[in-house]
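Which chain is which? The protein sequence lines are A and B, in order.
Using this note's numbering, the first residue of the first sequence is number 1, and each one after it goes up by one.
Using this note's numbering, the first residue of the second sequence is number 1001, and each one after it goes up by one.
Read the structure below first, then the notes.
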Amino acid sequence: MGEYKYIGKSVPRVDAAEKATGHIKYMSDLSFPNMLWGKIVRSKYPHAKILKIDTSKAEALPGVVAVVTWKDVPGLNGFGIVVPDQPVLCEDKVRYIGDAVAAVAAETKEIAEKAANLVEVEYEPLPLVDDPIKAISEDAPKVHEGGNVHLHTKIVRGDVEKAFEEADLIVEHTYYTGRQEHAFLETESGVAKLEEDGTLSVYAGSQYPQRDQMQLSRCLALNPRKIHVVSYPVGGAFGGKDELTIQPILGLLALKTKRPVKIVLSREESIISYWKRHPMIMKYKTGVKKDGTLVANKVEIYADTGAYASLGGPVLNLAVEHACGPYKLDNVYIDGYCVYTNNGVAGAFRGFGVPQVTFAMETQMDIIAEKLGIDPIELRKKNALRRGDVSPIGNKLTTSVGTVAVLEGVKETDLWKNKDKIEKVDKERPWIKRGFGFALTYQGTGLGIGLPDYGGAVLRFREDGGFIVGVGIVDYGQGTGTSYAQIVAEAMKCPVNKVSVILGDTDLTADSGPTSASRGVYTGGRAAIIASKRMMKILKEKAAELLSVSPEDLEAEGGYFYVKNQPDVSISYDKIAMEFLKTSGHLPQTEGYFLMPIADIKIKDAFGLPHHIFAYSGHLALVEVNTLTGQTKVLEGAEVVDGGIVVNRQGFEAQVEGGYVMGMGYGLMEDVKIEKGIFKTVNFSTYIIPTVKDAPKRIQTVPVHDPEETGPYQAKGIAETVMVATAPAITNAIHSATGIRIFKIPATSELIYNLLKE
Amino acid sequence: MKEIEISLTVNNKPYKLSVPANITLLDVLREKLKLTGTKEGCGKGECGACTVMFNGRSANSCLILAPQADGAEVITIEGLGNLENMHPIQEAFVEEGAIQCGFCTPGMEMSSFYLLTKNPNPTEEEIREGISGNLCRCTGYMKIIKAIEKASQKLNEKH
Ligand code: FES
Ligand code: FES
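The following block contains the structure:
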């Protein structure tokens, strides 16, 4: 790393000062003259036929400017990244309690709310579908006409039944995971506004402005070039703003009223209406030899995707792909179902199907280690995939594989080194038991095979000799924007503060694909390097011309070109900028596009699989369980992460710490409760996320790497893996503290209390 | 809704406003005064994103109705410091990497401000107590705690 000037350093976020001062304008902060407030009318039933929608009373309310229903949708009344099966506004049927039926725009928030209550909808309730396994049966009531199985993916390799016969130990359990809410602090909010030239501007925080533009163009029957989407800055997203949310309704209202319209969802509406992490039921049967060699894994997965597809299919496929963990297994049978129900909607969420299966597989591994009396690290090392190995689903791993580096790193953590010194039972409070736990995981970077997966960046030379880099990726907290500034600074040989970054704007940035799948730094970063190389060539030629030397004689550093061996003959970037302006009247601009490398084979009948590049991480937890109340406290955590070369050390730590605590919430407390299709936890008093008091005393963050040659400065990505294995590390620690096994998360006090009583 | 007249001081500037009696101080700040640095994360006193200084104490502005704010002294994030002249708390948040999406940041900083006003040398426990009403979904809180420790040092050095 020593050869880099900016890569690997701790650089404060490029937008930190603006955020620290409250100066930055989020989409929910925008207001325009003459602006109206919008309010969405949502279904009162989880599953019902719509018999009649009467908007007359709402329309008659003074101050109401427009009421829209399905009749007002000019284009396709459907959206969805994979299949557009979700109506913008429902016509004849509602499929979950948050389904949008109508919307109003009014002079004030208060009037909009009143008017929404005046929209009369007559429903005829339909039988509820709320159990994903029952929903599969032929005679179950149907959420969609085509049936309740949205996707069935099955991968079979080798012969599991034969291998089970040869196994010395078989571990078989069923696992359940909760419905986690993203709980970004900024709810889905924004403004749509019709510009004088007929362009529709849509300001709404999201993860992929160019795809929003495409989906909006279909729903609104508008040329995409007539839609300008701005989706940065965002007050958190974590996958929950990947799909469209309020944008099509905002667009409809602005088109109909010809005035700016703003919608800000209340926390309750946000929780009810949009995406969650898929709850999964997973049946695992794992066969292993006495010496710890894994020989077979049979897995059944049922993912509850709720009422609409969104990214449910790909989420299931990632669960299938990662179901066996980063281990060598030649006999696998993985059978996954992604099922429609009336339980809200589920979609993308940091980890994308992997946290669920990792909880299951890493609990299996912990049980195996215990039963065979093998050290948990050694067990994993014995089975760990290495570069050149074939993955459980059959693709050869030709890129960086960090399993061994991570496992070695784990041994160096303070938690691991001190794990045998833990005071297992508190001397003064003997009902307090302590334990240590560990889990390993990995996570595909990028979209996988068969999907267009590219990075794009546009680079503009600034008048002051600095640069502006524009990438469609959105930084909703990950720090991607700052990484781009560092990458361009490194490539253009200029200080980081000379690079400004524009993100998430369809007019000003290059399409770089979705901000998801831990792909932001990798794809946008590579594109930025390509754009920088082109820019460097142009600037160097100009500098050579001005200094009357040949470009090969020049070297760049710190915003200057020097003549090699004659360091006093130089020219600064700002002088070059001035020369460009003088001679041509404009400054050069370059673009870079980059296609993500893909695996050598496609997995049959498994769309998007396999992935080609993976990040790896080992998660550790020291917990304390109060055996009188069942309450668990994570005292200390640690993570060892291989995400390739770290671009920004401070950003790395921040992501890891944040991911760890989010994973802790997933493991111990978070689950949106839905009973008979009705949400029971719709605010932060009933849906509890970790506060600073729940957070561990310390989280040690350790980067290790198996360099990934194809990455920008050998970086991969870390955004997801850092949260994925925290839950099983904690539940394994609960086992080591108390002897009870956790097969269901969140492992709430109630659950643990009841298990202890048994 | 009935409109009422209120006078209040925000960031040392006096205002006289006519507002609906049922709107919150948060709405007064954001909608009427366009001070959008103060955020709404829940509207119910559960997240702390709307924290401001209210008559010398920190408070959730989403829980204060406009009539209660009549005659009040309010300091918002915009009054703490600005881009040209950041408050040491803001500087510390930037330097320590305590900001990610940034949506919780203004509220966090205002809670930190109140904490450090009361207690210039808080222990880690006291820091945790001081910001326990402020949710952050991005950072895992570690760097926020460090930032407050650093801000405390900076402020003590200044005095
Ligand atoms: S908005 Fe006031 S506490 Fe959440
Ligand atoms: S930085 Fe995003 S919520 Fe705190």
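Cβ coordinates follow ideal geometry from the N, Cα and C atoms, glycine included.
Remember, it's a predicted structure, so these values are computed and weren't measured experimentally.
Tell me which same chain residues have a C-beta within less than 7 angstroms of the C-beta of B/N1055, skipping the five on either side of it?
For the purposes of this step, residue 1055 of chain B is taken as residue 55 along the second sequence, with counting starting at 1. Counting only Cβ-Cβ distances below 7 angstroms, and skipping sequence neighbours, we find A1072 and E1073.
Going along chain A in order, which residues have a C-beta closer than 7 angstroms to the C-beta of B/L1135?
In the second sequence, the residue the question calls residue 1135 of chain B occupies position 135. Those within 7 angstroms of B/L1135 in chain A are L185, F684, I689 and T691.
Label A/L628 either buried or exposed according to how many other C-beta atoms from any shown protein chain fall within 10 Å of its C-beta, with 16 as the threshold for buried.
Counting from 1 along the first sequence, the entry for residue 628 of chain A is found at position 628. Label assigned to A/L628: exposed.
Of all the residues that make up the stretch 1080-1098 of chain B, which are near chain A by a beta-carbon distance shorter than 7 angstroms?
Correct list: G1081, N1082, L1083, M1086, Q1090, F1093, V1094, E1095 and G1097.
Could you name the residues of chain A that B/C1047 contacts, counting a contact when the two beta carbons are closer than 7 angstroms?
Working through the second sequence from its first residue, we reach residue 1047 of chain B at position 47. What B/C1047 touches in chain A: L185 and F684.
In terms of alpha-carbon separation, which member of B/D1027, B/G1102, B/K1034 and B/L1080 lies closest to B/L1065?
Position 65 of the second sequence, counted from the first residue, corresponds to residue 1065 of chain B. Comparing Cα positions, the closest option is B/D1027.
Given A/V129, which residues of its chain have a CB within under 8 angstroms of its CB, disregarding the five upstream and five downstream residues?
Translated into positions along the first sequence, residue 129 of chain A becomes position 129. Excluding sequence neighbours, A/V129 sits near H47, A135, A140, P141, K142, V143, N148, Y340, T341 and N342.
Kindly examine ligand 1 and report whether one of its heavy atoms sits closer than 7 angstroms to the Cβ of B/N1060.
Mapped onto the second sequence, residue 1060 of chain B falls at position 60. Yes; taking the cut-off as 7 angstroms, the Cβ of B/N1060 has a heavy atom of ligand 1 nearer than that.
Excluding the five sequence neighbours on either side, which residues of its own chain have a C-beta within less than 6 angstroms of the C-beta of A/P712, listed in chain order?
Counting from one through the first sequence, the residue named residue 712 of chain A turns up at place 712. Answer for A/P712: I487, G525, R526 and I529, listed in chain order.
CA-CA distance, B/E1157 and B/A1147?
Numbered from its first residue, the second sequence carries residue 1157 of chain B at position 157. Numbered from its first residue, the second sequence carries residue 1147 of chain B at position 147. Looking at the two C-alpha atoms, the distance is approximately 15 angstroms.
Is it right to say A/K673 is buried, meaning 16 or more other beta carbons lie within 10 angstroms of its own, or is it exposed?
In the first sequence, counting from the first residue as 1, residue 673 of chain A sits at position 673. So A/K673 ends up on the exposed side.
Give the DSSP bridge partners of B/A1059, in chain order.
As a first step, residue 1059 of chain B must be located in the second sequence, where it is residue number 59. Answer by DSSP bridge pairing, in chain order: B/V1052.
Using 8 angstroms as the threshold, is the stretch 299-313 of chain A in touch with the stretch 270-289 of chain A, meaning 3 or more CB pairs across them?
Enough Cβ pairs lie closer than 8 angstroms, so yes.
Could you work out which residue in B/S1152, B/L1135, B/S1111 and B/K1002 is closest to B/K1044 when comparing CA atoms only?
Taking the second sequence and counting its residues from 1, the one referred to as residue 1044 of chain B is at position 44. Among B/S1152, B/L1135, B/S1111 and B/K1002, the Cα nearest to that of B/K1044 belongs to B/L1135.
How would you label B/R1057, buried or exposed, when you count the other beta carbons within 10 angstroms and need 16 or more for buried?
Here residue 1057 of chain B corresponds to residue number 57 of the second sequence, with the count starting at 1. Classification of B/R1057: exposed, given that the 10 Å Cβ count is below 16.
Considering Cα atoms alone, identify which of A/E670, A/T710 and A/G630 is closest to A/S749.
Walking along the first sequence from the start, residue 749 of chain A turns up at place 749. Selected option, being the one with the closest Cα: A/G630.
Assuming B/R1030 is part of the beta strand (DSSP E), what are its boundary residues?
To locate residue 1030 of chain B, count along the second sequence from 1; it is residue 30. Unbroken run through B/R1030: none, as it is neither H nor E.
Look at the alpha carbon of B/V1010 and the alpha carbon of B/P1106, and state the distance between them as a whole number of angstroms.
Against the second sequence, residue 1010 of chain B aligns to sequence position 10. Against the second sequence, residue 1106 of chain B aligns to sequence position 106. Cα to Cα, the separation comes out at about 16 angstroms.
Under a CB-based cut-off of 8 angstroms, is B/R1128 close to chain A?
Within the second sequence, numbered from 1, the residue matching residue 1128 of chain B stands at position 128. Yes, B/R1128 counts as interfacial toward chain A.
At a CB-CB cut-off below 8 angstroms, which residues of chain A make contact with B/K1044?
The residue given as residue 1044 of chain B occupies position 44 in the second sequence. Near B/K1044 (Cβ distances below 8 angstroms), the residues of chain A are R267, N683, F684 and S685.
Within the same chain, show all residues whose beta-carbon is closer than 7 angstroms to that of A/W416, passing over the 5 residues directly before and after it, in chain order.
Looking up residue 416 of chain A in the first sequence gives position 416. Answer for A/W416: V410 and L620, listed in chain order.
For my contact list, A/G667 and A/I745 are in at a C-beta cut-off of 8 angstroms; report their separation, rounded to the angstrom.
Translated into positions along the first sequence, residue 667 of chain A becomes position 667. Translated into positions along the first sequence, residue 745 of chain A becomes position 745. About 5 angstroms separates the two Cβ atoms, so the contact holds.
Using a C-beta to C-beta distance shorter than 9 angstroms, which residues of chain B count as neighbours of A/Y232?
Position 232 of the first sequence, counted from the first residue, corresponds to residue 232 of chain A. Within chain B, no residue comes near A/Y232; the closest Cβ sits about 11 angstroms away, beyond 9 angstroms.
Strictly under 8 angstroms for the Cβ-Cβ distance: is B/P1106 near chain A by that measure?
By one-based count along the second sequence, residue 1106 of chain B stands at place 106. Closer than 8 angstroms: yes.
At a CB-CB cut-off below 7 angstroms, which residues of chain B make contact with A/Q650?
Taking the first sequence and counting its residues from 1, one reaches residue 650 of chain A at position 650. Neighbours of A/Q650 on chain B, chain order: G1097.
Any chance the CB of B/C1047 is under 7 angstroms from a heavy atom of ligand 1?
Translated into positions along the second sequence, residue 1047 of chain B becomes position 47. The answer is yes for B/C1047.
Taking all protein chains shown into account, do 16 or more other C-beta atoms lie within 10 angstroms of the C-beta of A/D366, making it buried, or fewer, making it exposed?
On the first sequence, position 366 is the one that residue 366 of chain A refers to. Label assigned to A/D366: buried.
List the residues of chain A that B/E1078 touches, going by C-beta distances under 9 angstroms, in chain order.
Position 78 of the second sequence holds residue 1078 of chain B. Neighbours of B/E1078 on chain A, chain order: T21, G22 and H23.
Check whether the Cβ of B/C1042 lies closer than 7 angstroms to any heavy atom of ligand 1, and answer yes or no.
Taking the first residue of the second sequence as 1, we reach residue 1042 of chain B at position 42. It does: the Cβ of B/C1042 is within 7 angstroms (strictly closer) of some heavy atom of ligand 1.
Any chance you could list the beta strand (DSSP E) runs of at least 3 consecutive residues sitting entirely within the stretch 103-163 of chain A, in chain order?
Correct list: 120-125 and 149-157.
Which term fits B/A1021, buried or exposed, when burial requires 16 or more other beta carbons within 10 angstroms of its beta carbon?
Within the second sequence, residue 1021 of chain B is the residue found at index 21, counting from 1. By the 10 Å Cβ count, B/A1021 comes out exposed.
What does B/K1002 reach in chain A if we use C-beta pairs closer than 7 angstroms?
Taking the first residue of the second sequence as position 1, residue 1002 of chain B is located at position 2. None at all; the shortest Cβ gap to chain A is about 12 angstroms.
When you check each C-beta in the stretch 213-239 of chain A against every C-beta of chain B, which residues fall closer than 9 angstroms?
If the cut-off is 9 angstroms between Cβ atoms, the stretch 213-239 of chain A has P233, V234, G235, G236, A237 and F238 near chain B.
Which complete alpha helix (DSSP H) runs does the stretch 283-330 of chain A hold, if anything under 4 residues is left out?
Within the stretch 283-330 of chain A, the complete alpha helix (DSSP H) runs of at least 4 residues are 312-322.
Between A/Y759 and A/D642, how many whole angstroms is the CB-CB distance? I'm expecting something under 8 angstroms.
Because chain A here runs from 1 to 758, residue 759 of chain A falls outside it and cannot be looked at.
Would you say A/G739 lies against chain B (beta-carbon separation less than 8 angstroms)?
Start at 1 with the first residue of the first sequence, and residue 739 of chain A comes out as number 739. Cβ-Cβ to chain B under 8 angstroms: no for A/G739.
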